[in-house]
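Have a look at the structure below, then the notes.
In my numbering, the protein residues as written are 2 to 223.
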C-alpha cells in the first residue's frame, strides 16, 4: 500500500482545500502513513479544540489558514498562517482555534538510536519558510527529518536555479512554502505555488526549477 494517502500522483493540489471547514466541528484527512510517520490535514471551526493530551511522538504543526492557540506544557503559543511549531514527545499539549483555522500535522515517533526531527527547536513558533536561508544564484538545503526509510529536506532556491536529473527512490512529496516552482515529472511540466503540494511516485525522473526565489519542503518515503 502507498504511504501517501488521499492524493493522486503527479497532480498539483492546494493543501488547505483537501479538508473543508464544518460548523462547530473539526474535520481531518490522513495524507501519509508509514512506520514512524503519520500526517494529516485538519480544519477547525472557530473555538474548536483538541483537549490536552500527550503522545510518544514529536509533532510538527504548520498552520495553513487562520490562527491556533497551542499550549505546550501549560505555556501558550499563538501560531498563525505560514508559521510552524514542533511539539515534543511525551509532553502535554492542547490546541484551540482562535478563528477558523487549518493545519498540516506531521507526527514522527522518536527513535533516539536512528533519529527523528533534526535542526529544529522544540516549542518555538516561527515562519516555516525561515528554517532555511538562501542566497542569490544558489540552492541551499537543510535536513529537518532523518529516519530509516524517511528523509525530509527544506530547500531555498534562487530564481532560475534548478535541481536537475533526479530519480525518486520512494514516494516523494513536495510542499511549496514560498515563491513559484516549475516541476517536470517525466518531462510533463507543472507549476507549484505557495501551499500547493505534489506527490511523485517511485522510480520517476523529475526536475525542479525556480520561477522566483522559492522555498519548499521535500519528504521522501522509501
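Here a beta-carbon is modelled for each residue, glycine too, at the ideal position from N, C-alpha and C.
For residue i, the residue or residues it bridges with in DSSP
| i | result |
| --- | --- |
| residue 180 | Partner(s): none; residue 180 has no beta bridge. |
| residue 39 | 34 and 108 |
| residue 208 | 185 |
| residue 50 | 97 |
| residue 138 | Beta-bridge pairing links residue 138 to no other residue. |
Burial state of residue i (16 or more Cβ within 10 Å)
| i | result |
| --- | --- |
| residue 165 | exposed |
| residue 49 | buried |
| residue 42 | buried |
| residue 119 | exposed |
| residue 24 | exposed |
| residue 31 | exposed |
Same chain, Cβ closer than 6 Å to residue i, neighbours up to 5 away in sequence not counted
| i | result |
| --- | --- |
| residue 222 | 4, 35, 151, 171 and 172 |
| residue 162 | 140 and 211 |
| residue 208 | 165 and 185 |
| residue 194 | 181 |
| residue 132 | 155 |
| residue 47 | 98, 100 and 101 |
| residue 220 | 153 and 174 |
| residue 44 | 20, 22, 28 and 103 |
| residue 143 | 120, 133 and 155 |
| residue 167 | 207 |
Contact under 9 Å by Cβ, residue i with residue j
| i | j | result |
| --- | --- | --- |
| residue 16 | residue 7 | no |
| residue 199 | residue 191 | yes |
| residue 122 | residue 99 | no |
| residue 22 | residue 130 | no |
| residue 169 | residue 145 | no |
| residue 70 | residue 96 | yes |
| residue 157 | residue 107 | no |
| residue 105 | residue 51 | no |
| residue 1 | residue 85 | The structure shown has nothing for residue 1, since the chain only spans 2 to 223. |
| residue 11 | residue 203 | no |
Test: residue i CB closer than 9 Å to a CB of chain B
| i | result |
| --- | --- |
| residue 31 | Checking the listed chains, one finds no chain B in this structure; it contains a single protein chain. |
Close-in-space but distant-in-sequence residues of the same chain around residue i (CB under 8 Å, 5 per side omitted)
| i | result |
| --- | --- |
| residue 1 | Given that the chain is displayed from residue 2 to residue 223, the structure contains no residue 1 and the question cannot be resolved. |
| residue 74 | 92, 93, 94 and 124 |
| residue 76 | 124 |
| residue 135 | 141, 157, 158, 159, 214 and 216 |
| residue 196 | 15, 16, 17, 65, 176, 177 and 178 |
Same chain, Cβ closer than 7 Å to residue i, neighbours up to 5 away in sequence not counted
| i | result |
| --- | --- |
| residue 26 | 46 and 49 |
Exercise. Between the stretch 175-188 and the stretch 211-218, are three or more C-beta pairs nearer than 8 Å?
Worked result: yes
Exercise. Within the chosen definition, does the stretch 139-146 reach the stretch 68-83 through at least 3 CB pairs nearer than 8 Å?
Worked result: no
Exercise. Hey, is the stretch 31-38 in contact with the stretch 145-158, meaning 3+ C-beta pairs nearer than 8 Å?
Worked result: yes
Exercise. Okay, do the stretch 82-93 and the stretch 48-55 touch, 3+ Cβ pairs below 8 Å being the bar?
Worked result: yes
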